[in-house]
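These notes are about the structure you will find just below.
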Amino acid sequence: METMAVLARTAPPLAGTGRRPSATVRPSAFLSIAATSTGTRGRVARGLSAATVGSGSAARARAVPRGIVASLTQQSMLTIWHSNMEVEQSYIMIKPDGVQRGLVGEIISRFEKKGFLLKGLKLFQCSKDLAQEHYKDLKDKPFFPTLIEYITSGPVVCMAWEGDGVVASARKLIGATNPLQAEPGTIRGDLAVQTGRNVVHGSDSPDNGKREIALWFKEGELCQWESVQTPWLVE
1 METMAVLART APPLAGTGRR PSATVRPSAF LSIAATSTGT RGRVARGLSA
51 ATVGSGSAAR ARAVPRGIVA SLTQQSMLTI WHSNMEVEQS YIMIKPDGVQ
101 RGLVGEIISR FEKKGFLLKG LKLFQCSKDL AQEHYKDLKD KPFFPTLIEY
151 ITSGPVVCMA WEGDGVVASA RKLIGATNPL QAEPGTIRGD LAVQTGRNVV
201 HGSDSPDNGK REIALWFKEG ELCQWESVQT PWLVE
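Going by full-length UniProt numbering, the sequence shown wraps up at 235, each residue one higher than the last.
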């Protein structure tokens, strides 16, 4: 309101009235934050629209001073930004061998340190029907029965992770399906030795990420929250 008072005192007389606009007039000013498409998510443009200052038919459009930008906190700008963007999600699952070997914390920390946001997490005993639905694309493979037996042999840890390019990045963090071909530094390259015991699963596409999260998590099991680290991870 102080800014609007300054505008009122310095504005020229309103046409046909000889009076300056009152500082007590409620402005119909608005700020417009434009998102420009730069990759999978836009960046907040440093731009403001014209604001209308005045009252009734005598109102005149005036440019909003750039100083008003300071009134938009960084958090409010991020809130507007995220509300208009669809962020990529991936389903990551620590398999029974990873749970039995006590690797849960180690694997979770890889994704946390990368900067992805954990939206869902649970320890879960997978049923045969759920396992068959999850791996339905492999049902014609000779190893399918063994795979279903393996994934239902003990509890798994289900996770939903969110972030820019999370699907492709998670696949790199996990490493090749065959741990002996996985690069050192990847989860499978460091923690596994055989394809049949490769400790972790990750969605192979954004569409499968959505499908698998919907399959393994019920409505209300995902947490909607924003990390305070976000401004330090993305522009």
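By construction, the Cβ of each residue, glycine as well, lies at the ideal position given by its N, Cα and C atoms.
Any contact of the stretch 95-113 with the stretch 184-204, i.e. 3+ C-beta pairs under 8 Å? Yes, since at least three Cβ pairs between the stretch 95-113 and the stretch 184-204 fall closer than 8 Å, the two stretches touch.
Could you tell me the distance, in whole angstroms, from the CA atom of W216 to the CA atom of L191? In this model, W216 and L191 are separated by some 25 Å (Cα to Cα).
V156 to R211 span [Cα, whole Å]: Taking C-alpha positions only, V156 is separated from R211 by approximately 18 Å.
Is it right to say F124 is buried, meaning 16 or more other beta carbons lie within 10 angstroms of its own, or is it exposed? Exposed, by the Cβ-count rule.
Could one say the Cβ of G220 lies closer than 9 Å to chain C's Cβ atoms, at least one of them? Among the chains in the structure shown there is no chain C, since it carries only a single protein chain.
So for L173, helix, strand or coil by DSSP? In the structure shown, L173 sits in a helix (DSSP, three-state: H, G or I).
Apart from the five residues just before and just after A70, which ones in its own chain have a Cβ nearer than 6 Å to its Cβ? Per-residue confidence for A70 stands at a pLDDT of 46, beneath the threshold of 50, marking its modelled position as unreliable; the derived number appears in the next sentence. Taken in chain order, the list of residues that qualify is empty.
Using DSSP bridges, identify the partner residues of E162. E162 is bridged to Q89 and L117.
Per DSSP, what are the beta-bridge partners of L123 in this structure? Under DSSP, the beta-bridge partners assigned to L123 are V157.
Output needed for T146: all residues of its chain with C-beta closer than 8 Å, excluding positions within five of it in sequence on either side, in chain order. Correct list, in chain order: G196.
Taking its Cβ as the centre, do 16 or more other Cβ atoms sit within 10 Å of A58, making it buried, or is it exposed? Summary for A58: the model assigns pLDDT 44, below 50, so the residue's position carries little reliability; its value from the coordinates is reported in the next sentence. Result: exposed.
Alpha carbon to alpha carbon, what distance is there between P231 and A29? Caution is warranted here: a pLDDT of 37 is assigned to A29, below 50, making its placement in the model unreliable, and no coordinate value can be reported.
Quickly, what does DSSP pair V200 with across the bridge? List them, please. Its beta-bridge partners are I94.
DSSP beta-bridge partners of Q181: Residue pairing by DSSP places Q181 opposite no residue, since no beta bridge is assigned to it.
Answer with buried or exposed for Q89, where buried requires no fewer than 16 other C-beta atoms within 10 angstroms of its C-beta. With 16 or more other Cβ atoms within 10 Å, it is buried.
On the criterion of 16 or more Cβ atoms from any shown chain inside 10 Å, does residue 280 qualify as buried, or is it exposed? Residue numbering for the chain in the displayed model covers 1 to 235; residue 280 lies beyond these limits and cannot be assessed.
Would you mind stating whether S153 and P96 have Cβ atoms separated by less than 9 Å? Yes; because the gap between Cβ atoms is below 9 Å, this pair is in contact.
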